[in-house]
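Visitor: Here the protein sequences line up with chains G and U, keeping their order. Take the first sequence: its letter number 100 is residue 100 in this note's numbering, and every next letter is one higher. Take the second sequence: its letter number 286 is residue 286 in this note's numbering, and every next letter is one higher. Here a beta-carbon is modelled for each residue, glycine too, at the ideal position from N, C-alpha and C. This is the structure I have questions about; it appears just below.
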Amino acid sequence: MRASTRPLMFRILLIGPAALAICIFMVIPLMLMAWISIQGRDYSGGVIWGQFSFDAYTRLFFERELDGTIALNLSYFKIILRSIWLSALTMTISLIVGFPVALFMATRSQRWRAVLIFMVTLPFWTNLLVRNYAWILLLRDHGTINNTLLWLGVISEPLPLLHTQLAVAIGLTYSFMPFMVLPIYSSLEKIDFRLVEASFDLYASRWHTLKRVIFPLAVPGMVAGCILVFVPSLGSYVTPELLGGGKTLMIGNLIGLQFGAARNWPFGAALGLFLLLLVMIALTSYARSYRTNAQVGK
Amino acid sequence: MSNQYKRKTIKLLATTALILGGFAGSASAEGELRLYNWSNYFAPALIEKFEKETGTKITVDNYASEDDLLAKLQAGGGGYDVIFPGTTTLGIMVDKGMLAKIDVSQMENFKNLLPAFTSIAGDEKREYSAPYMWGTTGFTYDPAMVPGGKLEESWKEIFEPQEELKGKIAMLNEMSDVWNAAAYYTGIDKCTEDPAEAQKILDVLMAQKPFVKLYSNDGTIDRMVAGEVPVHMQWNGAAHRVKAKKADVVYVYPKEGTTFWTDVIAVPKDAPNMEAAKVFVNWMMSPEVAAEASNYTGYSNAVNGSGAFLKEDLKADPAVNTPAEYDERLRAFKACSPASKDLREKVWTKLKS
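Laid out in structure tokens, this is it:
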């Protein structure tokens with residue numbers, strides 16, 4: 001009896017702190033968010049506790065048009081679609097650029113690898129806000145890029161680079177690129193390069209070796225990288241605000257607006273939950289397709 | 001073994017509790033006054049002056065928007081003694097009983113105030129607040145960068161820009177300021193509850209959007225000084241600071257209506273150092289102090305007799321020292337109904353989607 005309760009105690013004590021942390025920092029805030037999303041709206045900020053209302057959710061899908069008719073709410077959908085599109089774009093560019101970088105890193109000598117990893121993580125030493133401001137300096141009308149092109153005579157008028165969706169995509173890609181490179185690197189690093197040699201011995205071309213040997217082995221890293229880039233892009237706030245020039249919102253900005261100027265906390269909470277739902281759908285579908293692919297691969 | 005784990009767990013729990021506890025209460029030392037204000041909006045010289053005169057030490061924290069201020073106070077955090085909300089926020093705070101009744105109208109220096117500021121929407125009897133700075137929201141342009149070197153004194157230049165200025169207009173990213181300007185321009189009441197009228201405002205803003213380079217509240221001064229945009233919807237104090245570096249820039253009070261706003265000094269209900277806060281509020285209404293505050297911020301104050309202590313360039317700048325002929329263009333703050341706020345927010349979201 002005694003012998004069996006002691007390990008149980010151990011287990012509880014060991015799990016305790018983690019469970020407590022998850023409870024305090026995740027479960028309780030989420031419950032609070034869900035609760036706030038169904039409370040009445042206080043127009044001066046906050047909610048009217050105890051007054052139930054599902055307005056926040058109907059608002060997400062339907063709206064009373066300015067002319068009084070009720071219609072599907074397209075403005076929020078546009079913002080949500082734009083967020084998904086920009087995040088997918090960010091993810092794709094990161095993958096296309098990140099994979100060769102990771103491959104390059106993984107094929108260097110041990111000492112070089114350490115240096116390269118250090119260089120990839122170096123931008124994290126600077127605050128995200130500062131990094132975004134740096135892009136403003138590069139992209140603006142009389143910024144580094146435009147001035148160089150003008151000086152070279154490639155263009156005669158500054159290109160409108162800043163305050164566009166392109167600028168947002170560039171900023172997001174730059175911010176989240178390391179999240180793509182590092183997981184791919186770690187899966188490439190584990191590859192037994194004798195397999196590559198074997199492939200060459202069997203007269204496979206470089207391209208074939210990449211496609212048939214290296215690529216499949218790097219899939220777990222690429223999936224992890226895609227998730228790590230897509231998810232934070234979807235909820236990003238600073239980059240669209242600064243580089244997008246406030247002309248186009250992403251979900252993060254829309255949520256921020258509800259807790260700020262619009263003072264609609266229930267709707268902000270509902271949007272937050274909706275974002276969470278989107279992310280979860282994306283993740284499960286990823287996991288599903290990945291699993292089926294893996295099985296087919298066998 | 002198990003004891004060791006237990007002890008570790010308890011330690012962990014204790015640390016967590018300590019950290020959490022740290023958020024809840026922030027102790028304030030005796031003789032310290034904690035201000036919560038916009039950044040770059042309080043003269044460092046005044047901090048020294050107050051410390052020298054009263055022996056009370058001042059610390060200043062900054063917020064990025066009044067919504068942050070409100071949210072922080074609503075969440076019960078802070079432990080601040082003096083705050084500087086604008087008119088909208090003041091009304092909400094008074095309604096919700098978040099401010100201490102410090103009877104400003106009974107204070108010694110209250111007599112110094114300009115008559116227009118002895119009462120304010122939301123705090124008509126001046127029980128809770130004293131005026132801090134006031135200013136206007138118009139637009140600024142650089143004559144060297146606009147066709148003909150001159151623009152009309154009208155929102156038209158912003159909302160329906162001339163061919164050469166299309167795509168170069170910078171707007172403030174402030175829902176109420178943009179809405180108000182469009183409402184003045186279309187001649188619609190800014191507190192309208194009529195969806196058809198809101199639609200008209202949206203039409204103006206949507207038609208303007210392709211010509212807008214960006215919406216932003218940050219860096220408006222640098223943007224004008226660097227010549228990145230020829231025209232910027234701007235607050236007048238910022239316009240004054242642009243002029244310090246680019247003298248011929250013009251600040252326009254649009255004839256259709258120019259929002260005129262006031263920021264106040266108030267004390268949260270649970271201020272740790274209430275007595276010092278009252279002394280501070282009274283002190284801020286003395287002419288010399290108010291002038292010092294204006295000299296730093298570039299905005300006007302509401303204290304009679306402060307003019308004598310103002311810097312020359314402030315007195316000479318029509319952006320700050322509003323010429324009397326523009327008085328009728330100024331539009332004061334109005335508290336709009338929830339229905340109207342809803343429309344405004346809908347228009348803003350549609351504009352940005």
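Can you give, in chain order, each stretch of the alpha helix (DSSP H) that sits fully within the stretch 3-60 of chain G and has at least 4 residues?
Guide: For the stretch 3-60 of chain G, whole alpha helix (DSSP H) runs of length 4 or above, ordered along the chain, are 28-37.
Visitor: Looking at chain G, is there any beta carbon in it that lies within less than 9 Å of the beta carbon of A226 (chain U)?
Guide: On the second sequence, residue 226 (chain U) is found 226 positions in, with the first residue counted as 1. Yes, A226 (chain U) counts as interfacial toward chain G.
Visitor: Check Y203 (chain G) in the structure and name its three-state DSSP category.
Guide: Along the first sequence, one-based indexing puts residue 203 (chain G) at 203. Y203 (chain G) falls in the coil class under three-state DSSP.
Visitor: Quick one: is the Cβ of T144 (chain G) within less than 8 Å of any heavy atom of the ligand GDP?
Guide: The model depicted lacks the ligand GDP and carries no ligand whatsoever.
Visitor: Can you name the residues of chain G whose CB is closer than 9 Å to the CB of L90 (chain U)?
Guide: Here the question's residue 90 (chain U) lines up with position 90 in the second sequence. Chain G residues near L90 (chain U): none, gap ~11 Å exceeds 9 Å.
Visitor: With 16 as the cutoff for other CB atoms within 10 Å, does Y63 (chain U) come out buried or exposed?
Guide: On the second sequence, residue 63 (chain U) is found 63 positions in, with the first residue counted as 1. The residue is buried, with at least 16 neighbouring Cβ atoms inside 10 Å.
Visitor: One question on the structure: do K156 (chain U) and V231 (chain U) come within less than 9 Å of each other, judged by their Cβ atoms?
Guide: In the second sequence, the residue the question calls residue 156 (chain U) occupies position 156. In the second sequence, the residue the question calls residue 231 (chain U) occupies position 231. It is not a contact, given that the beta carbons lie outside the stated cut-off.
Visitor: Pull the bridge partners of E63 (chain G) from the DSSP assignment, please.
Guide: Here residue 63 (chain G) refers to the residue found at position 63 of the first sequence. G:A71.
Visitor: In chain U, what lies closer than 8 Å to F259 (chain G) by C-beta?
Guide: Indexing the first sequence from 1 puts residue 259 (chain G) at position 259. Going along chain U in sequence order, the residues near F259 (chain G) (Cβ under 8 Å) are D67 and A71.
Visitor: Going by C-alpha distance, which of U:P268, U:K311 and U:A130 is nearest D95 (chain U)?
Guide: The sequence position of residue 95 (chain U) within the second sequence is 95, counting from 1. Looking at the Cα atoms, U:P268 is the closest of the given residues.
Visitor: Using a beta-carbon distance below 9 Å, is Q190 (chain G) in contact with chain U?
Guide: Taking the first sequence and counting its residues from 1, one reaches residue 190 (chain G) at position 190. Rather than Gln, the amino acid found at residue 190 (chain G) in this sequence is Lys. False, the Cβ-Cβ gap to chain U never drops below 9 Å.
Visitor: For the stretch 161-177 of chain U, enumerate the residues whose C-beta is nearer than 7 Å to any C-beta of chain G, in chain order.
Guide: Listed by position along the chain: N173 and M175.
Visitor: Count the other CB atoms, across all protein chains shown, that sit within 10 Å of the CB of F84 (chain U); report buried if there are 16 or more and exposed otherwise.
Guide: The count along the second sequence starts at 1 and reaches residue 84 (chain U) at position 84. Classification of F84 (chain U): buried, given that the 10 Å Cβ count is 16 or more.
Visitor: Who are the Cβ neighbours of A282 (chain G) in its own chain at under 7 Å, not counting the five residues just before and after it?
Guide: Your numbering for residue 282 (chain G) matches position 282 in the first sequence. Only F230 meet the Cβ criterion.
Visitor: Within 10 angstroms of the Cβ of K52 (chain U), are there 16 or more other Cβ atoms? Answer buried if so, exposed if not.
Guide: The sequence position of residue 52 (chain U) within the second sequence is 52, counting from 1. Exposed, since its Cβ has fewer than 16 Cβ neighbours within 10 Å.
Visitor: Quick one: which chain U residues come within Cβ less than 8 Å of R11 (chain G)?
Guide: Start at 1 with the first residue of the first sequence, and residue 11 (chain G) comes out as number 11. By Cβ distance, chain U contributes nothing, its closest Cβ being about 10 Å from R11 (chain G), past 8 Å.
Visitor: Could you check the C-alpha separation between S176 (chain U) and P183 (chain G) for me, to the nearest Å?
Guide: Your numbering for residue 176 (chain U) matches position 176 in the second sequence. Your numbering for residue 183 (chain G) matches position 183 in the first sequence. If I take the Cα positions, the gap works out to 45 Å.
Visitor: Do you know how far the Cα of T121 (chain G) is from the Cα of I22 (chain G)?
Guide: Position 22 of the first sequence, counting from 1, holds the residue named residue 22 (chain G). Position 121 of the first sequence, counting from 1, holds the residue named residue 121 (chain G). So the two alpha carbons sit approximately 28 Å from each other.
Visitor: What residues from the stretch 31-46 of chain G come within 8 Å of chain U, judged by C-beta to C-beta, listed N to C?
Guide: Residues Y43, S44, G45 and G46.
Visitor: Checking the sheet assignment: what are the DSSP bridge partners for Q234 (chain U)?
Guide: Taking the first residue of the second sequence as position 1, residue 234 (chain U) is located at position 234. Answer is U:G138, bridged to Q234 (chain U).
Visitor: Where K315 (chain U) and S353 (chain U) are concerned, what is the direct C-alpha to C-alpha distance, given to the nearest angstrom?
Guide: One-based indexing of the second sequence puts residue 315 (chain U) at position 315. One-based indexing of the second sequence puts residue 353 (chain U) at position 353. About 43 Å.
Visitor: Under 7 Å, CB to CB, which of the residues in the stretch 229-258 of chain G have a partner in chain U?
Guide: Cβ contacts with chain U come from G245, G246, K247, T248 and L249.
Visitor: CB T349 (chain U) to CB L278 (chain G), shorter than 9 Å?
Guide: By one-based count along the second sequence, residue 349 (chain U) stands at place 349. By one-based count along the first sequence, residue 278 (chain G) stands at place 278. No.
Visitor: For the 8 Å Cβ check, are there 3 or more pairs between the stretch 203-212 of chain U and the stretch 112-121 of chain U?
Guide: The answer is no - the stretch 112-121 of chain U does not touch the stretch 203-212 of chain U, with fewer than three Cβ pairs under 8 Å.
Visitor: Pair every Cβ in the stretch 160-175 of chain G with every Cβ in the stretch 183-195 of chain G, then say whether three or more of these pairs are closer than 8 Å.
Guide: No, the stretch 160-175 of chain G does not touch the stretch 183-195 of chain G.
Visitor: Please report the residue range of the beta strand (DSSP E) in which D263 (chain U) lies.
Guide: Residue numbering aside, residue 263 (chain U) sits at position 263 when the second sequence is read from its first letter. Unbroken beta strand (DSSP E) run through D263 (chain U): T258 to A266.
Visitor: Alpha carbons only, please: which of U:R344, U:K190 and U:F260 is nearest the one belonging to G138 (chain U)?
Guide: Walking along the second sequence from the start, residue 138 (chain U) turns up at place 138. The shortest C-alpha separation from G138 (chain U) is found at U:F260.
Visitor: Rounded to the nearest angstrom, what separates M26 (chain G) and L273 (chain G) at their Cα positions?
Guide: The residue given as residue 26 (chain G) occupies position 26 in the first sequence. The residue given as residue 273 (chain G) occupies position 273 in the first sequence. Going from the Cα of M26 (chain G) to the Cα of L273 (chain G) covers about 13 Å.
Visitor: Is there contact here, the stretch 4-21 of chain G with the stretch 247-261 of chain G, by at least three beta-carbon pairs under 8 Å?
Guide: Judged by Cβ distances under 8 Å, the stretch 4-21 of chain G makes no contact with the stretch 247-261 of chain G, as fewer than three pairs qualify.
Visitor: Looking at the C-beta of R140 (chain G), does it have a partner C-beta in chain B at a distance below 9 Å?
Guide: Protein chains G and U are contained in the structure displayed, whereas chain B is not.
Visitor: Using the rule of at least 16 other Cβ atoms within 10 Å of the residue's Cβ for burial, across every protein chain shown, is I12 (chain G) buried or exposed?
Guide: Walking along the first sequence from the start, residue 12 (chain G) turns up at place 12. Its Cβ having fewer than 16 others within 10 Å, I12 (chain G) is exposed.
Visitor: Can you tell me which of U:I47, U:E48 and U:T59 puts its alpha carbon nearest to the alpha carbon of Y36 (chain U)?
Guide: Start at 1 with the first residue of the second sequence, and residue 36 (chain U) comes out as number 36. Cα-wise, what sits closest to Y36 (chain U) is U:T59.
Visitor: Distance check for P287 (chain U) and G260 (chain G), CA to CA, integer angstroms please.
Guide: Residue numbering aside, residue 260 (chain G) sits at position 260 when the first sequence is read from its first letter. Residue numbering aside, residue 287 (chain U) sits at position 287 when the second sequence is read from its first letter. Spanning the two alpha carbons is a distance of roughly 35 Å.
Visitor: Just checking: is the beta-carbon of K190 (chain U) within a distance shorter than 9 Å of some beta-carbon in chain G?
Guide: In the second sequence, counting from the first residue as 1, residue 190 (chain U) sits at position 190. Not closer than 9 Å to any Cβ of chain G, the Cβ of K190 (chain U) fails to qualify, so no.
Visitor: If you measure from the beta carbon of T259 (chain U) to each beta carbon in chain G, is any gap under 9 Å?
Guide: Position 259 of the second sequence, counted from the first residue, corresponds to residue 259 (chain U). No, its Cβ sits nowhere closer than 9 Å to a Cβ of chain G.
Visitor: Are the C-beta of D95 (chain U) and some C-beta of chain G separated by less than 9 Å?
Guide: Here residue 95 (chain U) refers to the residue found at position 95 of the second sequence. Closer than 9 Å: yes.
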